[in-house]
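Undergrad: One structure coming up, written as structure tokens, with questions to follow.
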Amino acid sequence: MTTYYVSPNGNDNVDGQSPGSAWRTLARADQAVLQPGDQLLLEGGGRFPGTLSFGSTDAGSAANPVVIGSYGTGRATILASGTAGITIYNTAGMEIRDLVLVGSFASYSSQGGLNIYSDLPGNQKLDHLVITNVDASGFKNGIQIGGGNGSTGFRNVTVDACELHANREAGLITYGPAFNAAAPAYPHESVTVTNTEAHHNAGDPKNNTRNTGSGIILGAVDGGAVRYSSAHDNGYASGPTATEGPEGIWAYDSTGLVIEHNVSYFNRTGGKADGGGFGLDINVSESVLQYNLSFGNDGPGYLIYTSQTNNAHTGNTVRFNVSSNDARKPQVSWYAGISLGGRLSNLQVYQNTVVLTANGTAGAPALGLGTGLLSASVRNTILVTDGARLVRSSTAYPASTVQLQGNDYFTTAGTWAVTWGTTAYGSLNSWRTATGQERVGTTATGLNVAPDLLGGDAPFITDPDVVWEIIPESSSPLVGQALDLQSLFGIDPGPHDYFGTALGSSVAVGAAQPQP
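For the sequence shown, the residue numbers in this note's numbering are 60 to 575.
This is how it looks when you write it as structure tokens:
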């Protein structure tokens, strides 16, 4: 096992095997063939023009990975001009640590800061990639991990403690070939993103054909997670006429994901689509959005949507999340705090808290239901507005298709209103009687009461540190009013609420329980 060193004060004509005999350039370092356990270290604080590339002759293993990182004090910086900062092609068993990757304008247009890709034949999964404490800016994507041949890709991928900012299209993206719903195949397995911040990834104002400007995107993944991460201030320069837009943290073409304990805020869209906090998009199945906070986004806090005509979007859960004053952009005001649309089946939405206040004259509903839903339920959720419709459903769904049960519908001003298809209802009882919603068997459910939260009935969250404002007072009329999901519907709600408070026998409606 050999350690190679690179320093701005080095010499490319020496062996590179000690700080005193370090190489000088990345071009010289790129000539090294790295074996399991080898390390290539750049001097901390140094700035290195160029790029590093690793291919099939450079390979480590989970037990003895190849390590690319820094030595000495601080992190080294790679200055890429029209190239990726680091490319890993058809190999793995590598760990990238403690580096800053900075791209030029040419890199911003077309390159990944850390570009990882495989197109090997035979549907191979290359094992072990760890990316830790990497700062990537000035690229098309900060980190991009792709598969380009069937289900060939990567397994056991960890991204931790990275800052991905000022990139054009996304902070982080994983992707693969076009999804086939008849024979689902996922290039990447066991992908985990933790403690990572994606911010000010602007979007491409000249690209009006697809979404640009997101924070963290998981695509083509079987089994993965995004935890304790944040996405904010992304998407503000995305295409003004694009029919799809960016989101803070979202997934597509994936299964078995858990997106939890994250915060997504102040994300924008340059057009009239998306710009929200979190999303489960096309072809996502058996995945969970839980314990997340979304606030101040242009679009919905939580968008669960598919534009596809297949049945691949199924079995997902949205629970114990908070949306505060999302759907802020008037041009996308048809969105809501929670928005559901398309051919979604077996979708369970429960124990969330949504509080929306109007942005000027534009007020979005707390819950929006689009066309095409196959089977979905929304239960035990707080829905609050300051005068806008509480629920807007573009279709008058029968209770056999969509069930709203055990929710609290409260407006702090104006007239109570729910729109169900083409009909507007002015009271909970009239809506229940006409549609069969808010009923379990013959028992009437649902509430129209002030939630009595610690921050008032409609707290306006502008900082993650004040999310405690959505906790109900111990005297709140919502305490003990949640439907028993396990006994009534066979749903296991999990052990605790948004804040980690254990769920007892008397559960409150919403994402939070009163504090002991």
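Yeah, the Cβ is synthetic: ideal placement off N, Cα and C, and Gly gets one too. It should be emphasised that the depicted structure is a prediction, and the values quoted were computed from it without experimental measurement.
1) Beta strand (DSSP E) containing Trp527: first to last residue?
2) Can you confirm whether the stretch 554–572 touches the stretch 446–453 when touching is taken to mean that 3 or more C-beta pairs between the two stretches lie within less than 8 Å?
3) Taking only three categories from DSSP, how would you classify Gly374?
4) Span of the beta strand (DSSP E) holding Trp309?
5) May I ask you to verify whether the stretch 482–498 touches the stretch 424–439, counting CB pairs closer than 8 Å and requiring at least 3?
6) Using only the alpha-carbon positions, how far apart do Gly197 and Ser163 sit?
7) Taking the alpha carbon of Ala257 as the point to measure from, which residue in Ser273, Asp263, Asn266 and Pro264 has its own alpha carbon closest?
8) Have a look at Val216, Asn208 and Asn405 and flag the residue whose alpha-carbon is nearest the alpha-carbon of Gly181.
9) If you follow the alpha helix (DSSP H) that Thr588 is in, where does it begin and where does it stop?
10) Assign Lys265 to one of two classes, buried (16 or more other C-beta atoms within 10 Å of its C-beta) or exposed (fewer than that).
11) Can you check DSSP and say which residues form a bridge with Lys184?
12) Apart from the five residues just before and just after Ala121, which ones in its own chain have a Cβ nearer than 8 Å to its Cβ?
13) Exposed or buried, Val92, counting other C-beta atoms within 10 Å across all chains shown (16 or more means buried)?
14) Compare the Cα-Cα distances from Gln90 to each of Ser166, Gly104, Ser177 and Gly75 and report the closest residue.
15) Return the Cβ separation of Leu449 and Val477 in integer angstroms, given the expectation that the two are a contact with Cβ distance under 8 Å.
16) When the Cα atoms are used, what is the spatial distance from Thr142 to Glu102?
17) When the distance is taken between beta carbons, is Gly304 closer than 9 Å to Pro246?
18) Could you pull the start and end residues of the alpha helix (DSSP H) that Ser546 belongs to?
19) For Ala386 and Gly446, what's the separation of their Cα atoms in angstroms?
20) For Ala229, list the residues DSSP reports as bridge partners.
21) Relative to the C-alpha of Arg156, which residue among Thr146, Gln183 and Thr191 is closest?
22) With 16 other CB atoms within 10 Å as the buried threshold, where does Gly283 fall?
23) Rounded to the nearest angstrom, what separates Leu339 and Ser112 at their Cα positions?
24) What number of angstroms, rounded off, separates the C-alpha of Ser534 from the C-alpha of Ala395?
25) Going by the CB atoms, is the gap between Ala290 and Asn254 shorter than 9 Å?
26) In three-state DSSP terms, what is Ser166?
27) Which same chain residues end up closer than 6 Å to Ile137 when comparing Cβ atoms and leaving out the 5 residues on each side of it in sequence?
28) To the nearest angstrom, how far is it from the Cα of Ser168 to the Cα of Asp467?
29) Look at the alpha carbon of Thr300 and the alpha carbon of Gln390, and state the distance between them as a whole number of angstroms.
30) Is the stretch 472–487 touching the stretch 520–536, taking contact as three or more C-beta pairs under 8 Å?
31) Do Glu306 and Leu348 come within 9 Å of each other at the CB atom, strictly closer than that value?
32) Please report the residue range of the alpha helix (DSSP H) in which Leu85 lies.
33) Less than 9 Å between the C-beta atoms of Ala567 and Gln540, yes or no?
34) So Leu111 is in the beta strand (DSSP E); what residue range does that whole segment cover?
TA: Concretely, from the data shown:
1) From DSSP, Trp527 is part of no beta strand (DSSP E); its letter is neither H nor E.
2) no
3) coil
4) Glu306 to Tyr311
5) no
6) 6 Å
7) Ser273
8) Asn208
9) In the structure displayed, the chain extends from 60 to 575; residue 588 sits before or after that span and is not available.
10) exposed
11) Gly212
12) Gly152, Asp186, His187 and Asn215
13) exposed
14) Gly75
15) 6 Å
16) 21 Å
17) no
18) Leu544 to Phe548
19) 15 Å
20) Asn200 and Ser273
21) Thr191
22) buried
23) 33 Å
24) 29 Å
25) no
26) helix
27) Phe107, Gly144 and Leu160
28) 47 Å
29) 12 Å
30) no
31) no
32) Leu85 to Ala88
33) yes
34) Leu111 to Phe113
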